[in-house]
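Take the position in the first sequence, starting the count at 1, then add 2; the result is the number in the numbering used here.
Idealized CB from N, CA, C, for every residue including glycine.
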Amino acid sequence: MKKISANTDRYSFFDDVWAVVRKVPKGRVTTYGAIANYLGTRSSARMVGWAMNAAHQAAPKVPAQRVVNRNGMLSGKAHFETPTRMQELLEKDGVKVVNDTVQDFDRLFWDPAKELML
DNA sequence: GCATTGACGAAGG
DNA sequence: CCCTTCGCCAATG
C-alpha cells in the first residue's frame, strides 16, 4: 500500500483498490469512499469507481459486488455482465438486497481503515 | 488540448 | 430534508 500521487502510482492505485476489495470478507460490504479513505484519497472516491471499472480485466477476479456507494445501493450493477449479476452474487454471499439496496448495511459495512488497521 | 463525463461523497442552500 | 454545487482526477470525444 502506498500513497497515490496521481502520477506513476496510478496503476498501483488500481492494484491497491483490488487488493482491499479482495480482503472484504464474504457476507460483508464496503464503500468506494471507505476504500478511497483507506488509501489516503478520501476525496477521490470516484477514482475507486474507475479502479472497479478496470477491475474487469483484473486477475484474479475482484468481488466488485461487495463495493457499493455510501447508501448501500448497488450503483455499479449496470457494469456487470448483466444488471442482475451484482445482486445475485451478493445474495450468494448471504447479503440481502432489496430494490438495489443492501439490507442491514450499517451492520454489514466493512471499513478497511478500521477492520484492516495495520 | 480543452470540455465532458462518471461504479462517489460531503457540504451548502 | 431534498436538490444543487463542488472537489477529485483519469479517460474519452
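- Here PHE16 carries a helix assignment [DSSP, helix/strand/coil].
- Spanning the alpha carbons of SER45 and LYS94 requires a straight line of approximately 31 Å.
- At a cut-off of 4 residues, the continuous stretches assigned as alpha helix (DSSP H) that sit fully inside the segment 10-70 are 12-25, 34-40, 47-57.
- Around LYS98, the same chain offers GLN105 as residues with beta carbons nearer than 6 Å, after the five sequence neighbours per side are excluded.
- A straight-line Cα-Cα distance of about 11 Å links GLN67 and PRO85.
- Taking C-alpha positions only, ASP113 is separated from ALA80 by approximately 24 Å.
- The Cβ atoms of VAL69 and LEU41 lie no closer than 9 Å to each other.
- DSSP lists VAL31 as the bridge partner or partners of PHE111.
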